[in-house]
Amino acid sequence: MGTSAFAVPAMRRLLDLGHVVPAVYTQPPRPAGRGQVPRRTPMHDAAEAMGLPVETPQTLKDPEVQRRFAAFGADLAVVGAYGLLLPQAILDAPRLGCINLHASLLPRWRGAAPIERAILADDHETGLAIFRMERGLDTGPVLAMRPTPIGDDDTAWTLHARLAEMAAEMLPGVVDDLLAGRAEARPQPEAGVTYATKLDKAEGRIDFGQPADMVARRLRALNPRPGCWCLARGERLSLIEGAAVDGRGDPGAVIGLPLTVACGSGALRLERVQRSGRKAMSAEELQRGFALPVGSVLG
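Quick note on my numbering: the sequence shown kicks off at 1473 and runs consecutively.
Have a look at this one:
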């Protein structure tokens, strides 16, 4: 059960080991892009490429959906970045219950956006936790957990990929232990609980009044989704890559070329940007067709 590409390596690993996956559950296609054409989830595309049947219910609260889920007779349900609430009837249906692949060191960053929140909070470490699911939000006892450092150059995308591979490495051992009846689940401690709330598009609007290192972390955390942006010459400009550097000036002012912008403290050297309706480009390319000289103000 998953929606993003996060659980795809783990699903592929189980198949490679000979486990039978009777069905893949993912969210239904959603309108996307300028034409608002329905687009299938990455998990949907991957499952079909592997020859697996796909279920796309709008909700798991429907009794008929629950009956169909139970009818698969699964020993175990593996969930990773699915995005739908699992009612008790779903949690109880598999013989060994449901387990979740979660991208944090629980109980830190329970919730929808653990990777992005860890970067925004300037955490130096995150990890992958596999836990038994229960009614609470990521509160179940932990079956396995492994840490990984967050480097200065790590982005939400690089962490997503690394943690997805960690999940694929860790899951087979957990499944074997569950099937053999030797799995040990450790309750999560009450201390250290934090919540990774769902990302909001409004969080992508850059405030150059913040320190440069905070702004740079925001770019690392919120690209490619929901994306970071500001206004330049009255036009929305997406900010894709940048780094905190030394510099002083009024927040938002361009203080160096090709594109260094003053922040509340320090400055942000923008390296990759995108104008509305255009392809992503370097700061040098932007300046050739959309000049932002020293003294220009971004906001």
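Note that beta-carbon positions come from the ideal geometry of N, C-alpha and C, so glycine has one too. Note that this is a predicted model, so its numbers are computed, not measured.
- Look at the beta carbons and you see the region 1642–1661 touching the region 1603–1618: at least three pairs across the two are nearer than 8 Å.
- When DSSP states are grouped into helix, strand and coil, A1593 belongs to the coil group.
- Within the same chain, and ignoring the five residues on either side of L1631 in sequence, the residues whose Cβ sits closer than 6 Å to its Cβ are I1587.
- Looking at the DSSP output, S1737 shares a beta bridge with P1683.
- Residue pairing for T1611: DSSP places it in no beta bridge.
- DSSP, reduced to helix, strand and coil, places A1704 within a strand of the structure shown.
- Nearest Cα to D1672 within the set P1698, L1651 and A1652: P1698.
- DSSP places T1630 in the helix class (H, G or I) of the three-state scheme.
- Cβ-Cβ separation between F1478 and G1583: approximately 15 Å, too far for a contact (criterion under 8 Å).
- With respect to the 8 Å criterion, M1515 and T1475 are classified as neighbours on the basis of their beta carbons.
- The shortest C-alpha to C-alpha distance from P1696 to any of T1528, R1506, V1745 and P1621 is the one to V1745.
- The beta carbon of A1518 lies closer than 6 Å to those of V1480 in the same chain, with the five residues before and after it left out.
- Bridge partners of T1598 according to DSSP: T1620.
- Note that the C-beta distance between G1724 and L1770 is below 8 Å.
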